[in-house]
Amino acid sequence: MASSCSQALRHHVCKSSRILRIHLQKSWPKEIVIPKKKTWSKEAVLQALASTVKRDPTASDSRFQDDPYLTPKTSSEFKLFSLSQESGRNAAKYFINTYPKYFQKDYAQPHIPCLMPETLEAQIEEASEAALIERIRMRKVKAAVDLYDQLLQAGTSVSLDVTNQLLDLICFCGDHDPTQENVPEQRNEETEDVQDEPQAKKGRASKASGLLKATWKENNNAGRIFALLSEPNTHSYSALIRGMVKYGAYSKAFSTYTDLLNNRLKADVHTFNALIIAAPEVKEKYNEKWELIVDLLKQMAEQKVKPNLLTLNAVLKALRRCGTLGKSQAFPVISEMKALSIETHNHAFPIMLCSAGAPIQGQTDILQEVMNEVSGKSFTAQDPDDAQFFITAMRICLDTKDMEQAYRVHELLGVGENWRLLGNDFQQSIYYARFFSLLCMMENIDVMLKWYRDLVPSVYYPSSNVMRDLLQALDTDNRLDLIPQIWKDIKQLGHANRQNLVEELLTLMAREKHNQEVQESFAECALDIKKIYDTGDRGKVLLSWTAGSLIDLISVLLAAHRRQDAWEMLKLFKTHNRVPSEELLNKFLTCVKEAGEVNQAVELVQISAGFCLPETPKLIQRVQQEFELTEQQRNMLSDLEIQTFNSD
Amino acid sequence: MYRRLLINIYQVRNGLIHTQNTRLPSTKCKERESFAPVIWAPCTARPLGTSSISFNENKESSTSLSEDKEKRPEENEAKEEVNTDGQKSTEMNECTEISNATLASQLETETVDKPEDSKQVEKTKSGKESLLELLGAMKVEVTTVRKIRPSKTPRMSERADQEPMESAHSMFQHATAEGSQQHGTLNPALVAAVSAAASTLPNRHQAESELLKQLRKHEAVPDTQRRAEGQNIGHIIADMKVGRRTNGRSNARPTSQIRFDDDGKGYTQDRGITGELDAVRRRKSPFTSKRLNIFTAGMEQDTLSDLGPTLWDIDLANQIIQATNQTPRNGFEEMIQWTKDGKLWQYPINNEAGLEEEASVPFHEHVFLEKHLDESFPRQGPVRHFMELVITGLAKNHQLTVQQKKEHIDWFRDYFRQKDDVLKEAEA
Chain A
1 MASSCSQALR HHVCKSSRIL RIHLQKSWPK EIVIPKKKTW SKEAVLQALA STVKRDPTAS
61 DSRFQDDPYL TPKTSSEFKL FSLSQESGRN AAKYFINTYP KYFQKDYAQP HIPCLMPETL
121 EAQIEEASEA ALIERIRMRK VKAAVDLYDQ LLQAGTSVSL DVTNQLLDLI CFCGDHDPTQ
181 ENVPEQRNEE TEDVQDEPQA KKGRASKASG LLKATWKENN NAGRIFALLS EPNTHSYSAL
241 IRGMVKYGAY SKAFSTYTDL LNNRLKADVH TFNALIIAAP EVKEKYNEKW ELIVDLLKQM
301 AEQKVKPNLL TLNAVLKALR RCGTLGKSQA FPVISEMKAL SIETHNHAFP IMLCSAGAPI
361 QGQTDILQEV MNEVSGKSFT AQDPDDAQFF ITAMRICLDT KDMEQAYRVH ELLGVGENWR
421 LLGNDFQQSI YYARFFSLLC MMENIDVMLK WYRDLVPSVY YPSSNVMRDL LQALDTDNRL
481 DLIPQIWKDI KQLGHANRQN LVEELLTLMA REKHNQEVQE SFAECALDIK KIYDTGDRGK
541 VLLSWTAGSL IDLISVLLAA HRRQDAWEML KLFKTHNRVP SEELLNKFLT CVKEAGEVNQ
601 AVELVQISAG FCLPETPKLI QRVQQEFELT EQQRNMLSDL EIQTFNSD
Chain B
1 MYRRLLINIY QVRNGLIHTQ NTRLPSTKCK ERESFAPVIW APCTARPLGT SSISFNENKE
61 SSTSLSEDKE KRPEENEAKE EVNTDGQKST EMNECTEISN ATLASQLETE TVDKPEDSKQ
121 VEKTKSGKES LLELLGAMKV EVTTVRKIRP SKTPRMSERA DQEPMESAHS MFQHATAEGS
181 QQHGTLNPAL VAAVSAAAST LPNRHQAESE LLKQLRKHEA VPDTQRRAEG QNIGHIIADM
241 KVGRRTNGRS NARPTSQIRF DDDGKGYTQD RGITGELDAV RRRKSPFTSK RLNIFTAGME
301 QDTLSDLGPT LWDIDLANQI IQATNQTPRN GFEEMIQWTK DGKLWQYPIN NEAGLEEEAS
361 VPFHEHVFLE KHLDESFPRQ GPVRHFMELV ITGLAKNHQL TVQQKKEHID WFRDYFRQKD
421 DVLKEAEA
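Read top to bottom, the protein sequences are chains A and B. Just so we're aligned, residue 1 is where the first sequence starts under the UniProt record's numbering, counting upward by one. Just so we're aligned, residue 1 is where the second sequence starts under the UniProt record's numbering, counting upward by one.
So this is what it looks like as C-alpha cells:
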C-alpha cells in the first residue's frame, strides 16, 4: 500500500516536473545571451572627461592658459606665442638628440621610451643585410645605397624584400638624404600675415616649390638598383612608379608601367593611384585626360585590383584639372566607389575638390548636396586635402551670401572631431574671417554681436578690414552707440594704428547727432583716439592727422559740449598744417556763443583769418552781430575785415 | 505542490492574455480618436477644393476632387462610428465652434485681401497668373490650418458644425460663382480692377486693353507653366507666411520656385527646411545617381604580401596629421595626447589597472603561502608560530607581488639560519 502510494506519488512528481520544465522553457527565452566584455581604450576615461569640457568664449586657447601674462590679445601675439611654445619644444628635442650622452639617466620608473634620446647613428658597423635594414629604417639614403653596393661587390646577395624597401626609401626621398623632419607648427612661418583671406594659395605655392626642388634624375640610384634586379616584382615597380610620380617624371612613370605589363606582372593599387594622379600631366585636352583615367580604372578592373579610398581621391584630384568634365564626372565616380562599399563616409573632401572647379552657381548646389549628406556626421581626416573642406565650404557660402548654409557648415564643425579638419591656426583664422564677414553682411546686428562676443577674441582675431565691416554693419542697423565699445576692442586687437579704420570710426561718430549720453561716450572715445595720435609707438608717430579726422574729432567733442578740449584740438590744425572747414568753424562759433565766451569767439575769427578762409568775413559779421564786444575787440575785428578784404 | 505551482503559472499567463485582450479595444478606441478629426478635415476643406478647381481648371485639382468624392463614404462611416461611440460633450462642441469661427474668419480676411492684392499685382502686369498663385497659396494656407487644428477639434457631431460651416459654405459658393464666370470672359471685378489700375497710367485706354489682353492670354497658358513663372509675386507670398505641407494635394509649390537673383551672384533665400526636404525628396541625390560601371561589386582583393606600413603609408599619415589640427583644446585632451605618447600613467579603466606583471598570477599564489614554509623552518615552536603570522600578514597584503612575498619569506629563512646558534642556545 505504502509502496504503491509512494510509486504513484513519484510518478506524479515526475510528470508535473516535466510539465513545469516544458512551460518554463516556453515562457523563457531559449538562449541567454551573455553580453560581451567591453574593452575600453586607454584614453576612454579621459575622452569622456574631455567631452564634458566646452569652449569658453571668454578664455583664450588652452595652450596659453598656463601663463596669464602670455595670453595673446592680437593675432600677431597669438602667432608669436604659439610658435615660440612649439619652437621651444623643438629646440629641446634637438639638443636631446644631438647630445644623447648627456641624457642617458632614466628617471621614469616604468621606462618611457619617448623621453629618451633617439639614436641617430647607425649601431651596426659591418656590412650585412641587418646593417642595411637599419640604415633603411633610419632613412639614411646615401649610407644605405653605399652599403648596398658594398654588399653586392662582396658577392653577398640581398633579399628581394630588403631591396624593395631600399627602393622605397630611395624613391620616397628622391635620392636625397631627407632634411631634418619638420614638426607640424613650423610650417606656419612661411605663411606670414594672417590679415586677410586669399593667401592660402601663397602657402600652398611655397610648399609646392619645396617639393619641386628635387626632381627625378635620369639614371639615379633607384633606376640603377632597379636595373640590377634580376626579377623585379610588383612592389619594385610600384616603388619606382610612385617615386617618379612624386618627383614629376610623369611620362617616365607611364613607360615604366608599360614595362611592368610587358613583364606580365600586375600592378598594385598604389601604382594605379600614382598613375591616376599623373594622368592629367601627360595629356593636353580635358577629354583626353579623362579618357586616360577611365582607361586606367578599366585596367584596374581587368587586373582585379580593388580600388581604395585613395583611388577615389586621386581620381577626384585629377578631375579637378579636367575643367567642366570634372563636375559632371565627379558624382558617377563617387557612386561607383560607393557601390564598391569603399568607406566614403568622408565625402566632404572629394566633393569640395570638384566644386572648386565649378562655377559659383553649381558650387552652391554641390555644397547643399554635400551638406545634406554629411550634416551631423563626424569624420576623420583621410587625406591631407581634407583640411580644406571647411574653408572651401565657407568660401562658397560667402561668395553666394548663403547664411543658412553657413550656419549648417558651422554646426557641422562642432560635431565630434570635425574641428580637427579645420586645420592649423592660419586656416582657422581664414575660416572665421569668412564666417564673420558673412555675418556682418547678412545678419541683423543683435545676432551678429552675439557671434562677435562668442568668437572674438577667444578663437578669432579679426583683421582691420573685418572690423570695418563690423562698423558698417553697425551703421546700417543704426547701432552707432556701440562704437565706444568696439573701439575698445579695436584697441585691444592692435588695430588702433590703422589710419583708415580710425578715420572711419571718427566719421561715423561725427556724422549724426545722438542723445546726450551717447555723445558723452563718443567724446570719451574721441579723446582716447586723440591719445593714440599723440603718443605714437616708441617715438614713432603711427597716425598722422588729416583735416578730415581733425574735423570729425572736433565736431564729436563739440556735440558733447566739450569746448575746452575742442579748443585745444583746434590748435592742432596749425601745428599739423591742416585747414579746418567752414562748417566746423561755424559750428564752433555756435558752441562758443552758447557759452558766451567773447574772447574765444574773437580768437576763432583770428584763427580763421590766419588760414585765409573765404568764410572769414561772414564769421566776422556773425561775431559782430551776435556777441557783445568791447571796443578793443571791435577794432580788432574791423582790422581783420580790412585785411581779408585786401588779401582778396 | 507542483500542481499548485502549475495552476499559479497558468493563472498568471491567462491573466496576461486577458489584460492584452482588454487593452485591444482601448487601442482601437484611440485609433478612432486620432482618426476621426483627420477624416473630418477633408469635409470642411472640400468646398475649398471645388472652388480652387473652378479657379484653376487644372487636372490636378479635378483628380483631387475625385479623391475627395472617394473619401466621402469613408468619412461618413467614420462619423457614424464616432456617433455610435456617443462621446459627445458640449465642451468639445464649443471648442470646435471656436475653431471653426477662427477658420472662417481667416478665410474671410483672405478673401477680403484678395481684390487689393490682385490690384497690386495687376499693376505689375503679371496679371491673372498672380491671382491664381495667390489663390493657390490661400488654399494651402487653409489646409495647413486644418492640419494644425485637429488637436483642438476632436470628434464632432454633424449638427454642431452645421452652422459655422454654413457661413464658410456660402462664402465659397460665392467664390465658386466668381470662378465659374472666368471660363469664357474675365471676371467683372477683375476688369474693374484693371480699369482702375489703367487709370493711374498715362495712356489709359491703351493700357487697359493691354492689361485685359494680357489677362486673356494668361487664361490660355497651361497651369503648370504659370506656376513656374511665379516670380514677381514673391514678396506678396512671402508676406503671407505660407506653411507648406508636402502632401499629395499641394503639388504646386509656388514659393519653392521663387529665388531672387538680383546681382550676378544671386541670393538664394527662401529656402526653409521644408523646402530642403522637398528638394531631397523630389530629385534623387546625386550621391545615388548613376555610376561608372567599371568595377564589379564583389571583387576581392588580390592578396598582396603586406609587410606592415610602408614608408609611403607613414608619409601619408604624417601629411594628414600635419594638415589637421592636432593641438589639444583642453587639459584632458592634452592628457590624452600624453597617454598616447606613453608619457602619462594610464587612467584606470577597470580594477586591473596597473596589474600588468601580476595579470597571469592566480590569486591562490597570493593567499596560500604555507607551501613556502617547507623543511627549512622548524615544524613547531615559536619560530614556526612567528612565520605563520608572517604569511598570514603577507596573504592579506595586496601591495606586494608574489615574487616579493617569496623574497620576504626567504629573507626570514636566511635570518633564522644565521641565528641558528642563538636559537639553539635559547632552546627554542
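All C-beta atoms, glycine included, are put in the ideal place defined by N, C-alpha and C.
(request) Mind checking the segment 319-336 of chain B against chain A and listing, in chain order, the residues whose C-beta falls within less than 9 Å of any C-beta there? (result) 319, 320, 321, 322, 323, 324, 325, 326, 327, 328, 329, 330, 331, 332, 333, 334, 335, 336
(request) State the Cα-Cα distance for the pair residue 241 of chain A and residue 255 of chain A, rounded to the nearest angstrom. (result) Within the first sequence, the letter at position 241 stands for residue 241 of chain A. Within the first sequence, the letter at position 255 stands for residue 255 of chain A. The straight-line gap from Cα to Cα measures roughly 9 Å.
(request) Quick one: grab the DSSP three-state call for residue 399 of chain B. (result) By one-based count along the second sequence, residue 399 of chain B stands at place 399. Three-state result, residue 399 of chain B: coil.
(message) Among the candidates A:338, A:409, A:402, A:339, whose CA atom is the shortest distance from the CA of residue 649 of chain A?
(response) It is not possible to answer for residue 649 of chain A, since the shown part of chain A is limited to 1 through 648.
(message) Using the three-state DSSP reduction, which class does residue 590 of chain A fall into: helix, strand or coil?
(response) Residue 590 of chain A sits at position 590 when you count from the first residue of the first sequence. Judged by DSSP in its simplified three-state form, residue 590 of chain A adopts helix.
(request) Output, in chain order, the set of chain B residues within a Cβ distance shorter than 7 Å of residue 424 of chain A. (result) By one-based count along the first sequence, residue 424 of chain A stands at place 424. Within chain B, the residues placing a beta-carbon under 7 Å from that of residue 424 of chain A are 325, ordered along the chain.
(request) Kindly indicate the opening and closing residues of the alpha helix (DSSP H) around residue 456 of chain A. (result) Sequence index remark: in the first sequence, residue 456 of chain A carries index 456 (1-based). Looking at the DSSP string, residue 456 of chain A is not in any alpha helix (DSSP H), and its letter there is neither H nor E.
(request) Sort A:417, A:460, A:545 by Cα distance to residue 50 of chain A and report the nearest one. (result) In the first sequence, counting from the first residue as 1, residue 50 of chain A sits at position 50. Ranking A:417, A:460, A:545 by Cα distance to residue 50 of chain A puts A:417 first.
(message) Judging by CA-CA distance, which residue of A:594, A:169, A:604 is the nearest neighbour of residue 585 of chain A?
(response) The residue labelled residue 585 of chain A in the question sits at position 585 within the first sequence. Cα-wise, what sits closest to residue 585 of chain A is A:604.
(message) Suppose you measure from the CA of residue 122 of chain B to the CA of residue 54 of chain A; what does that come to, to the nearest Å?
(response) The residue you call residue 122 of chain B lines up with position 122 of the second sequence. The residue you call residue 54 of chain A lines up with position 54 of the first sequence. Any reading at residue 122 of chain B must be qualified, since the residue scores a pLDDT of 43, below 50, and its modelled position is unreliable; the value itself is stated next. Their backbone Cα atoms lie some 56 Å apart in a straight line.
(message) On the DSSP letters alone, give me the boundaries of the alpha helix (DSSP H) that residue 326 of chain B sits inside.
(response) Here residue 326 of chain B refers to the residue found at position 326 when the second sequence is read from its first residue. Neither: residue 326 of chain B is in no alpha helix (DSSP H) and is coded neither H nor E.
(request) Spell out a yes or no on whether the segment 223-239 of chain A and the segment 166-178 of chain A are touching, meaning 3 or more CB-CB pairs, one atom from each, closer than 8 Å. (result) yes
(request) Alpha carbon to alpha carbon, how far is residue 163 of chain A from residue 137 of chain A? Give it in angstroms, no decimals. (result) As a working mapping, residue 137 of chain A is identified with position 137 in the first sequence. As a working mapping, residue 163 of chain A is identified with position 163 in the first sequence. Approximately 13 Å, taken between the alpha carbons.
(message) Since residue 601 of chain A and residue 644 of chain A should fall inside the 8 Å C-beta cutoff, what is the C-beta to C-beta distance between them, to a whole number of angstroms?
(response) As a working mapping, residue 601 of chain A is identified with position 601 in the first sequence. As a working mapping, residue 644 of chain A is identified with position 644 in the first sequence. Not really, about 16 Å apart at Cβ, beyond 8 Å.
(message) Looking at residue 337 of chain A: is its Cβ nearer than 8 Å to the Cβ of residue 297 of chain A?
(response) Counted from its first residue, the first sequence places residue 337 of chain A at position 337. Counted from its first residue, the first sequence places residue 297 of chain A at position 297. No, these two residues do not count as a Cβ contact at 8 Å.
(message) Quick check on the burial criterion: 16 or more other C-beta atoms within 10 angstroms. Buried or exposed for residue 392 of chain A?
(response) Numbered from 1 along the first sequence, position 392 holds the residue referred to as residue 392 of chain A. It counts as buried.
(message) Once the 5 residues before and after residue 364 of chain A are set aside, which same chain residues still bring their CB inside 8 Å of it?
(response) Mapped onto the first sequence, residue 364 of chain A falls at position 364. Taken in chain order, the residues that qualify are 396, 400, 402, 405.
(request) Measure the beta-carbon distance from residue 543 of chain A to residue 499 of chain A and round it to whole angstroms, keeping in mind my assumption that it falls under 8 Å. (result) Numbered from its first residue, the first sequence carries residue 543 of chain A at position 543. Numbered from its first residue, the first sequence carries residue 499 of chain A at position 499. Contact holds; Cβ gap of about 6 Å.
(request) Put residue 288 of chain A into one of helix, strand or coil per three-state DSSP. (result) The residue labelled residue 288 of chain A in the question sits at position 288 within the first sequence. Three-state result, residue 288 of chain A: helix.
(message) Beta-carbon within less than 8 Å of residue 376 of chain A's beta-carbon, same chain only, minus the 5 sequence neighbours each way: which residues are those?
(response) For the purposes of this step, residue 376 of chain A is taken as the residue at position 376 of the first sequence. For residue 376 of chain A, where only same-chain residues beyond five positions count, the Cβ hits under 8 Å are 412, 415.
(message) Could you check whether residue 384 of chain A and residue 320 of chain B sit closer than 8 Å to each other, using their CB atoms as the reference points?
(response) The sequence position of residue 320 of chain B within the second sequence is 320, counting from 1. The sequence position of residue 384 of chain A within the first sequence is 384, counting from 1. Against a cut-off of 8 Å, the Cβ pair of residue 384 of chain A and residue 320 of chain B comes out as a contact.
(request) Count the other C-beta atoms from every protein chain shown that fall within 10 angstroms of the C-beta of residue 336 of chain B, then say buried if there are 16 or more, exposed otherwise. (result) For the purposes of this step, residue 336 of chain B is taken as residue 336 along the second sequence, with counting starting at 1. Residue 336 of chain B counts as buried, since no fewer than 16 other beta carbons sit within 10 angstroms of its beta carbon.
(message) Applying the 10 Å Cβ sphere with the 16-neighbour rule, what's the burial state of residue 119 of chain A?
(response) Residue numbering aside, residue 119 of chain A sits at position 119 when the first sequence is read from its first letter. It counts as exposed.
(request) Report yes or no: is there a C-beta of chain A within less than 8 Å of the C-beta of residue 410 of chain B? (result) Residue numbering aside, residue 410 of chain B sits at position 410 when the second sequence is read from its first letter. So no, residue 410 of chain B is outside the interface.
(request) Go ahead and pull the three-state DSSP assignment for residue 114 of chain A. (result) As a position in the first sequence, residue 114 of chain A is number 114, starting the count at 1. Helix, per DSSP.
(request) Starting from residue 548 of chain A, follow the alpha helix (DSSP H) in both directions and report where the run begins and ends. (result) Taking the first residue of the first sequence as 1, we reach residue 548 of chain A at position 548. Start and end: 547-559.
(request) Return no unless some Cβ of chain A is closer than 8 Å to the Cβ of residue 401 of chain B. (result) Counting from one through the second sequence, the residue named residue 401 of chain B turns up at place 401. Closer than 8 Å: no.
(request) Would you decide whether residue 124 of chain B is buried or exposed? Buried here means 16 or more other CB atoms lie within 10 Å of its CB. (result) Here the question's residue 124 of chain B lines up with position 124 in the second sequence. For residue 124 of chain B, the predicted model reports a pLDDT of 45, less than 50, meaning its position is unreliable and no value from the coordinates is stated.
(request) Identify, in the order they occur along the chain, each residue of the same chain with its Cβ nearer than 8 Å to the Cβ of residue 367 of chain B, setting aside the five sequence neighbours on each side. (result) Residue 367 of chain B sits at position 367 when you count from the first residue of the second sequence. Once the five neighbours on either side are set aside, the close Cβ partners of residue 367 of chain B are 395.
(request) Starting from the beta carbon of residue 40 of chain A, find every residue of chain B whose beta carbon is closer than 9 Å, and list them in chain order. (result) Within the first sequence, residue 40 of chain A is the residue found at index 40, counting from 1. Result: 349, 350.
(request) Go ahead and label residue 485 of chain A buried or exposed: buried means 16 or more other beta carbons lie within 10 angstroms of its beta carbon, across all protein chains shown. (result) Taking the first residue of the first sequence as position 1, residue 485 of chain A is located at position 485. Burial call: exposed.
(message) Is there a C-beta anywhere in chain B that falls below 8 Å from the one on residue 10 of chain A?
(response) One-based indexing of the first sequence puts residue 10 of chain A at position 10. By this cut-off, residue 10 of chain A is not an interface position.
(request) For residue 30 of chain A, name the three-state secondary structure that DSSP assigns. (result) Translated into positions along the first sequence, residue 30 of chain A becomes position 30. Reduced to three states, the DSSP call for residue 30 of chain A is coil.
(request) Assign residue 340 of chain A to one of three DSSP states: helix, strand, or coil. (result) Position 340 of the first sequence, counted from the first residue, corresponds to residue 340 of chain A. DSSP places residue 340 of chain A in coil when its eight states are reduced to three.
(request) Could you tell me the boundaries of the alpha helix (DSSP H) in which residue 250 of chain A lies? (result) Your numbering for residue 250 of chain A matches position 250 in the first sequence. 250-262 is the span of the alpha helix (DSSP H), which, as asked, contains residue 250 of chain A.
(message) Can you tell me where the alpha helix (DSSP H) holding residue 311 of chain A begins and where it ends?
(response) For the purposes of this step, residue 311 of chain A is taken as the residue at position 311 of the first sequence. That run of the alpha helix (DSSP H) goes 309-319.
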